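See below for the structure under consideration.
Protein chains: 2
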Amino acid sequence: MPYRAPVEDYQFIFDHVVGLAQVTATDRFSETTPDLTSAILSEAGRMCEEVLHPLQRNGDLHPAHLENGVVRTSPGFAEGYRAIAEGGWVSIGADPAHGGMGLPMTLTTAVNEMMSAACLSLQLNPLMTQGQIEALEHHASDAIKDIYLPRLVSGEWCGTMNLTEAQAGSDVGALRSKANPNGDGTYAITGQKIFISWGDNDFAENVCHLVLARLPDGKPGTKGISLFIVPKYIPDENGAPGRANDLSVVSLEHKMGLHGSPTCVMQYDGATGWLVGEEHDGMRAMFTMMNNARLGVGGQGIGAAEGALQHALAYAQERKQGRSPVENGTGTIIDHADVRRMLTTMKAETYAARSIALACAVAIDMQTATGAADWAARAAFLTPIAKAFGTDTGIAVSDLGVQVHGGMGYIEETGAAQYLRDVRVTAIYEGTNGIQAMDFTARKLMDGGEAAHALIDEIEAQAEGARAKLPELAEPVWQASETLREGLDWMLGQSDLTQRFAGAVPFLRAFARVLGGHYHLAAAIAEGGDGPRTRLARFYITRLLPEHEGLLAHATAGADDLYALSPEDLSA
Amino acid sequence: MPYRAPVEDYQFIFDHVVGLAQVTATDRFSETTPDLTSAILSEAGRMCEEVLHPLQRNGDLHPAHLENGVVRTSPGFAEGYRAIAEGGWVSIGADPAHGGMGLPMTLTTAVNEMMSAACLSLQLNPLMTQGQIEALEHHASDAIKDIYLPRLVSGEWCGTMNLTEAQAGSDVGALRSKANPNGDGTYAITGQKIFISWGDNDFAENVCHLVLARLPDGKPGTKGISLFIVPKYIPDENGAPGRANDLSVVSLEHKMGLHGSPTCVMQYDGATGWLVGEEHDGMRAMFTMMNNARLGVGGQGIGAAEGALQHALAYAQERKQGRSPVENGTGTIIDHADVRRMLTTMKAETYAARSIALACAVAIDMQTATGAADWAARAAFLTPIAKAFGTDTGIAVSDLGVQVHGGMGYIEETGAAQYLRDVRVTAIYEGTNGIQAMDFTARKLMDGGEAAHALIDEIEAQAEGARAKLPELAEPVWQASETLREGLDWMLGQSDLTQRFAGAVPFLRAFARVLGGHYHLAAAIAEGGDGPRTRLARFYITRLLPEHEGLLAHATAGADDLYALSPEDLSA
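Heads up: the sequence lines are chains A and B, in that order.
The first sequence begins at 1 in the UniProt record's numbering and counts up one residue at a time.
The second sequence begins at 1 in the UniProt record's numbering and counts up one residue at a time.
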């Protein structure tokens, strides 16, 4: 089942919905011409279609496995990775000083999404490397940068993130890994890390681990954590991989999906590491990397959604079943209203999630280019929505994809179930979607709601502008944003964060729902109120947007009823 | 991770929510005393806890497989099946004339649900046999009944349903299997059937297939289909399994879950079969069996939900992580509001789905006992809701169970993901949930909405009665039922069924939402407005019930916008 890169959709959203032009109008991104953007999308798209997508099933059927302590990757993954590296797609956003192209995050987001749609388990590898590049660019010494960055950017080396330990998951501060100074400027890293995505592979010259550990004088909790770069092979004086470091892959997890991505338990036995950033300041460096990684994971969800949609749409157009219930039907199941409802939902949700992610990327780019605080606030505010709604959409759309297939959806050989199994983890890793929602309702409202209100103001301004020409689309969006504002004010009124957290997930989702309406309306406006995007907007605004009311009722119910029920009350 | 049968919940719902007493007050079910009910629940519950649940992981880790044409079942399944058969749990509802206990469907529903929670893949086996028993009781000749029923009821033999063919899924009428009269009263059955759950096993003496096929003079479509019983081994003059019939298992499907249940491609090569019911009247017999099987599949969803809830609740109470955000917290993740939100949602949804299924079962029992048309209509009306909402709840609750586990939820060894993978098929088989919703909005409204309005009247009457004492619970339920009535009237106003079908799934869900509110309110009333069930009702009514408004907006949007978008509009 082929994958077709949705290049036109990115281009449309760039041009008419999120305003890539304001990014490329800055000095920082002035080299990103329309021609370059177009070439990037089509070249990356072609690689995804031709090279990566044929590997998708391999990853599932022939999982990465451990062989004498070495990870053996799925058939074809080495060639797929080579295509990514040679095309320069590991990190098109990296600093040109180290071999990158310095392109906007907006383009990176689109390219990452296409690679995710084509082969999610392999794409997770460069996504991890991208995060490492970013952390090193911002926090590493020049000596480290000079050794690692060119090789990571070129794809010769890969990067990983090592946060989690058995007792330290969402609570990173509970980690026990130790770092002892060796007296020569290096550190001896000791401890065990779990859930390390792509902790090893058999196609890169070196695998470089960013590891959180505690120095002997590090305080308990997150404030005593430092960040280290710990390579599989220690670079020699020329930067070439030298002797093997004292680290190993202990085992791989057996997961629900994403079998092509080796999830490793990593053991560090006094492995040599180099400090990145300041001592005890590791969390700050980690957050640099995590924020954009969160957008990246949101993009994984959207990619999976796109893949599942295309897969289901193709099946629905070829599966003959029953008499056509409509005149001039095709005789396939796409003639059925309920199948159309599912497919149209998949399309409308994918577009909404994609627009949110790209709007977040534009805000990051504007922050990078201008340093303006309002763009930084916008980027920070949209990141948890992009992550949680993008991944929830990936799961929901893949689930609909299974349903469109009927009985065949449950049979693995069709590949529909793989999308669902693969994407399921994206709601969990890089901060669960519950953690995203807590971040959203606590940290991201610490400005007193300024960023949130500013965004709602924009939503209302666009809706007001469209009211005369597109009343049946603009009015519901305007009304929904007013209801959302009431929910926001309720949140801001809660000084006890537990009250917010009790409704954090539905609140984030309600915000995403309204944003989705906003971006669908933007598409209809751009189309002049007539065309397929306007029809899709009507579907979304009429059928999906109304969900926000129930979500806001849920969001603002407070925590008291939750704690009034004891664990015993919830038992059988 | 142990499973505890929720016996108290069934008992409470029997006594205070769905009124089992009216069933046991009939002559037909007068022997179902409170003591017997209690004994059935506790005995079946104990078997599920002690014998079946320990097999759950085996089914996943060691799937049923085909060995020289014979299905080899998962380790322990033979012993588990023996416990079901020897305990008399294959079919407690079967006619005592053939060895059954003649107990109400309400009890069967509870027992089936417990077995599903404990080990879904094995429970599917007796569920299929139950359907076969019912079809034979209603449609077979005495000669067939005498041979088959005692052996099916005792569990010596198993039963299967053979409807689907590669080109005939939801569209059963497209089937091509043939039946040719042999001249001796038997028929030669030829054709291939797919997706045959438990098409073979290595623990029963015989496997009896109910097969839909077309006689030489059968018309095309569903009206030319006849039903046959086709045993693996042909019974000799004493009814003992004799020579092997001309049928075989060609292959097993590789599925997303439910690995312990062999899903077979069955080949019939002139196999000897006996007609069940009249010629060309097979669909009627099949529907007898399918209706109750639909309720049974709904119960599978609810069982999986209960299992996933217990599993997640146990994990949440033992997983330490982070500082407790509340005073006097336990230090485990259950202290966190978002984890509580998930667990409480799981509990509230499971209760709602269970009450709906048991209300459906009570209606079936009243229909059986009294023959009253209004009970028959109630049973028919509730069946698609019980099936679709029960299975959707199973999926949603299992999905939340994965999320509660965080990263561990994606690792197969915890077992959380298995609930989700296993239960996913229940929204597909026995009529997809889309088919259920179409049945609900078309056939089940053919009475002009009488059954629907009668049910809404009851919801409103209870809410009105509770308004004085429990206004904050009763009022929202009353309001929601009024909104639901408006949606119903919209549906009834559409003579073009495609208009209904475009919103059928959200309409069914909205109806279930309101029914859930009704049954939660009933629990609060029974508790006198104070206690854990009242608190759970408050959670549901405040947070989940409001979803109905968005669903009804979706349900009543009509089909035009769906068909205004072409397949090309949905493509990349």
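Using N, Cα and C, we set each Cβ at its ideal position, and we do this for glycine too.
Just so you know, these numbers come straight off a predicted model, no measurement behind them.
Taking the beta carbon of G169 of chain B as reference, the chain A residues within 7 Å of it are Q321, G406 and G407, listed in sequence order. For T186 of chain A against T272 of chain A, the beta-carbon gap comes to about 5 Å, under 8 Å, which counts as contact. Collapsing the DSSP output to three states places K469 of chain B in coil. Between the C-alpha atoms of A118 of chain B and G76 of chain B there is a straight-line separation of about 14 Å. At a cut-off of 4 residues, the continuous stretches assigned as alpha helix (DSSP H) that sit fully inside the stretch 114-161 of chain A are 120-139 and 142-154. Within the stretch 256-276 of chain B, those residues whose Cβ lies closer than 9 Å to any Cβ of chain A are, in chain order, M256, G257, L258 and T263. Against chain B, a Cβ distance below 8 Å from F195 of chain A picks out G407. Close to F501 of chain A, with beta-carbon spacing below 8 Å, are these residues of chain B in chain order: P325, H336, A337 and D338. Think of a sphere of 9 Å around the beta carbon of V402 of chain A: the chain B residues whose beta carbon falls inside it are M256, R424, A427 and I428, in chain order.
In the DSSP assignment, the residues bridged to G191 of chain A are A:Y268. Under the rule that a run must span 3 or more residues, no beta strand (DSSP E) segment is found entirely inside the stretch 502-541 of chain B. Close partners of H554 of chain A in chain B (Cβ separation under 9 Å): R341, T542, R543, L544, P546 and E547.
Counting the other CB atoms within 10 Å of its CB gives V70 of chain B a total below 16, which places it among the exposed residues. No Cβ-Cβ contact shorter than 7 Å links A369 of chain A with F14 of chain A. By the neighbour-count criterion, in which a residue is buried when 16 or more other Cβ atoms sit within 10 angstroms of its Cβ, D560 of chain A is exposed. Straight-line spacing of the CA atoms in S566 of chain A and D335 of chain B works out to 10 Å. For the set A:G131, A:A314 and A:F389, the Cα lying nearest the Cα of T108 of chain A is the one of A:G131. From the beta-carbon of L313 of chain B, the residues of chain A found nearer than 8 Å are P567, L570 and S571. For the stretch 434-446 of chain A, residues whose beta-carbon sits nearer than 8 Å to a beta-carbon of chain B comprise G434, A437 and M438. Against chain A, the beta carbon of V505 of chain B has neighbours under 8 Å at D338 and R341, listed in chain order.
Residues of chain A with a Cβ closer than 7 Å to the Cβ of G550 of chain B are, in chain order, P546, E547, E549 and G550. The beta carbon of D530 of chain B sits no closer than 7 Å to any beta carbon of chain A.
In the structure shown, H65 of chain A falls within a strand segment according to DSSP collapsed to helix, strand and coil.
Residue nearest to L212 of chain B within the set B:D200, B:A174 and B:A373 is B:A174 (criterion: CA-CA distance).
Within chain B, the residues whose beta carbon sits less than 8 Å from that of R535 of chain A are D561, A564, L565 and D569, listed in sequence order. Its Cα nearest to that of W157 of chain A, the residue A:P231 stands out among A:G169, A:A168, A:P231 and A:G257. Under the 7 Å criterion on CB atoms, F539 of chain A is classed as interfacial with respect to chain B.
Shown in chain order are the members of the stretch 1-16 of chain A whose Cβ falls below 9 Å from a Cβ of chain B: Y3, R4, A5, P6, V7, E8 and D9. As for any alpha helix (DSSP H) of minimum length 4 sitting wholly inside the stretch 341-412 of chain B, the runs are 373-404, ordered along the chain. Note on geometry: alpha-carbon atoms of M366 of chain A and A357 of chain A lie some 14 Å from one another.
The C-alpha of R535 of chain A lies about 16 Å from the C-alpha of E475 of chain A.
Annotation: Cβ neighbours of A417 of chain B in chain A (cutoff 7 Å, chain order): M256. Inclusion of Y519 of chain B and S324 of chain B in the CB contact set at 7 Å is not warranted, their separation being larger than that value. The Cβ atoms of G80 of chain B and V51 of chain B sit closer than 7 Å to each other.
In this structure, B:M266 is the residue among B:M266, B:L103 and B:R82 with its C-alpha nearest to the C-alpha of A166 of chain B. Under the 7 Å criterion on CB atoms, I411 of chain B is classed as interfacial with respect to chain A.
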